[in-house]
Amino acid sequence: MAAGYAELLRTRHAARLLVGTLVGRLPNATGPIAIVLFTRAEGGSYSLAGALAAAYGLANAVGQPLLGRAVDLFGQPRVQLPAAVVSALGMLWLALAGTGSAVAAYAAVVVAGLFTPPLEGGLRALWPGVLGGREEKVHAAYAMDAVAQEVMFTVGPLLVTLFVAMWSPAGALVALNAIGVLGALSVVVSEPSRKWRSAPREAHWLGALRSRGLLALLGAFFFVGTALGSITVAGVAYADEHGGQAVYGWLMAALGLGALVGGVFYGARQWAGAPERRLRLLVALLAVCYLPLMLVPGPVAMTALAALSGVFLAPSLACAFIVVDRHAPAGTVTEAFSWLVTFFGVGAAIGTAVAGPAVELGGTPAGFGVASVAGAAALLVLMATQRVMATGGRSRAVAGSSDGASDDSRDVPSGAPSAS
1 MAAGYAELLR
11 TRHAARLLVG
21 TLVGRLPNAT
31 GPIAIVLFTR
41 AEGGSYSLAG
51 ALAAAYGLAN
61 AVGQPLLGRA
71 VDLFGQPRVQ
81 LPAAVVSALG
91 MLWLALAGTG
101 SAVAAYAAVV
111 VAGLFTPPLE
121 GGLRALWPGV
131 LGGREEKVHA
141 AYAMDAVAQE
151 VMFTVGPLLV
161 TLFVAMWSPA
171 GALVALNAIG
181 VLGALSVVVS
191 EPSRKWRSAP
201 REAHWLGALR
211 SRGLLALLGA
221 FFFVGTALGS
231 ITVAGVAYAD
241 EHGGQAVYGW
251 LMAALGLGAL
261 VGGVFYGARQ
271 WAGAPERRLR
281 LLVALLAVCY
291 LPLMLVPGPV
301 AMTALAALSG
311 VFLAPSLACA
321 FIVVDRHAPA
331 GTVTEAFSWL
341 VTFFGVGAAI
351 GTAVAGPAVE
361 LGGTPAGFGV
371 ASVAGAAALL
381 VLMATQRVMA
391 TGGRSRAVAG
401 SSDGASDDSR
411 DVPSGAPSAS
């Protein structure tokens with residue numbers, strides 16, 4: 001599969017778009033971790049740290065579909081780069097103001113979250129055009145995308161702890177967001193991003209949300225986000241009891257590494273059968289792997305359990321990307337992916353908010369218990385809606401056929417009108 005990924009990356013623009021998007025998303029990927037560490041360094045409680053991280057996540061969740069729709073209307077460069085700059089200024093405000101004033105701290109994280117650029121959905125809208133609309137290549141790109149995210153989630157926590165050690169939690173906030181602006185800039189000045197236009201879409205106030213299958217998927221991944229959000233806070237509590245910030249960085253990196261390994265193995269074969277059915281199995285395995293975290297053993301064993309808990313994350317995400325594409329109404333692919341980010345982000349925000357009080361009331365095992373309950377809830381949603389998800393799913397040569405991407409990926413981006 002590594003050879004297959006290498007072939008994809010040799011496609012014109014592919015490597016630049018993937019790397020630029022990952023770098024541009026670094027502030028968002030590390031935002032909750034950085035906020036929690038910053039708040040604790042400022043003397044704030046776990047509840048305040050979780051609440052600020054939750055506010056950031058909720059603001060991000062509100063902003064993603066709004067900015068995604070703006071991208072559909074005005075194009076990527078006019079939205080992505082200004083949003084990245086404003087988001088970075090919000091984090092700079094937090095770093096300078098601190099948490100002494102709760103109002104200022106909440107306002108800063110809300111600005112940072114609300115204006116987080118929708119780079120993730122933007123990249124997935126670009127893949128069909130870059131890859132000529134070939135379904136098997138775009139599905140492989142989704143798997144590669146999920147694997148690459150886990151590289152970022154592996155490196156991200158280590159970067160946070162490195163920057164904190166080199167400077168301070170405030171310095172880490174500023175540095176990560178400055179790097180993110182550079183990543184967004186790299187994407188929006190590329191040819192596919194500059195030329196991309198959204199396909200015509202049926203006027204409907206619900207947009208992508210009029211798909212029942214998509215709604216079912218979003219409900220499930222709300223709870224997957226809840227699980228990951230709770231692990232963020234519970235991991236800090238565990239690290240405080242077992243050696244401090246370095247332990248936390250290794251736990252989060254192990255989780256990302258486990259997802260990376262799982263994603264590579266998942267992408268190593270072509271899967272038969274409906275992706276909706278496969279997704280139920282993957283989420284079931286993901287939920288089971290959250291359970292051992294409540295044992296909270298020593299750091300070495302806990303790091304291994306963190307890696308295990310991530311093994312089925314990237315496969316679940318890669319499969320979910322295909323399901324989104326199958327159920328999104330024509331012309332709403334970017335918005336649909338933005339809604340996935342939104343529901344996942346809202347879930348993560350709820351998870352961070354719930355895990356803080358859970359840790360204070362029941363200790364670290366209770367914090368990880370939130371993840372276990374959320375994983376089970378995600379599976380229940382998929383089981384309860386399997387009939388809905390079994391209908392309406394369709395292969396569209398991804399966005400390449402329905403949204404009019406040309407086979408000449410160098411000239412016609414995903415979503416552009418067909419020459420015919």
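Residue numbers for the sequence shown follow UniProt numbering, beginning at 1 and rising by one. Note that the Cβ used here is the ideal one computed from N, Cα and C, for glycine as well.
Whose C-beta lies closer than 6 angstroms to the C-beta of V398 among residues of the same chain, with five residues either side of it excluded? Since pLDDT at V398 reaches only 46, below the 50 mark, its modelled position is unreliable, and the value read off the structure follows with that caveat. Same-chain partners within the cutoff: P128, E135, V138 and D325.
Which stretch, first to last residue, makes up the alpha helix (DSSP H) that contains V174? P169 to V188
Report back the beta-carbon spacing between G180 and G113 to the nearest angstrom; my notes put them in contact at under 8 angstroms. Going by Cβ atoms, the distance from G180 to G113 rounds to 13 angstroms, so no, they are not a contact pair.
Taking the straight line between their C-alpha atoms, what separation do you get for A83 and V236? 30 angstroms
I'd like the list of long-range same chain contacts for A70, defined as Cβ closer than 6 angstroms, with 5 residues on each side in sequence excluded. V79
How big is the Cα-Cα spacing for L285 and A34? 29 angstroms
Cβ neighbours of M166 in the same chain (closer than 7 angstroms, five flanking residues each side left out): none
Cβ-Cβ separation, T30 to L159 (assumed contact under 8 angstroms), whole Å: 7 angstroms
Determine the burial state of P275: buried for a count of at least 16 other Cβ atoms within 10 Å of its Cβ, exposed for fewer. buried
Measure the beta-carbon distance from F337 to R124 and round it to whole angstroms, keeping in mind my assumption that it falls under 8 angstroms. 5 angstroms
Out of R25, A14 and S211, state which residue places its alpha-carbon closest to the alpha-carbon of A330. S211
Between the CA atoms of R16 and E191 - distance to the nearest angstrom: 11 angstroms
For L89, decide whether its Cβ has a neighbour in chain B, counting only Cβ atoms nearer than 9 angstroms. Within the model displayed, chain B is absent; a lone protein chain is all it includes.
Give the DSSP-derived three-state secondary structure of R280 in the structure shown. helix
In chain order, what residues of the same chain lie with their CB nearer than 6 angstroms to the CB of A366, ignoring the 5 residues before and after it? A358
DSSP three-state label for R197, please. coil
Expected contact under 8 angstroms - CB spacing of A314 and A254 to nearest Å: Wrong, their Cβ atoms sit about 14 angstroms apart, outside the cutoff.
What is the residue span of the alpha helix (DSSP H) that V296 lies within? Looking at the DSSP string, V296 is not in any alpha helix (DSSP H), and its letter there is neither H nor E.
Is the number of C-beta pairs between the segment 376-389 and the segment 84-94 that are closer than 8 angstroms three or more? no
Element boundaries [alpha helix (DSSP H), containing H327]: L313 to H327
When we look at the beta-carbon of residue 457 and count the other beta-carbons within 10 Å, is it buried (16 or more) or exposed? An answer regarding residue 457 cannot be provided, because it is not within the stretch 1 to 420 covered by the chain.
Reduced DSSP category for R25 - H, G, I as helix; E, B as strand; rest coil: coil
Whether I231 touches F321 by CB criterion (9 angstroms): no
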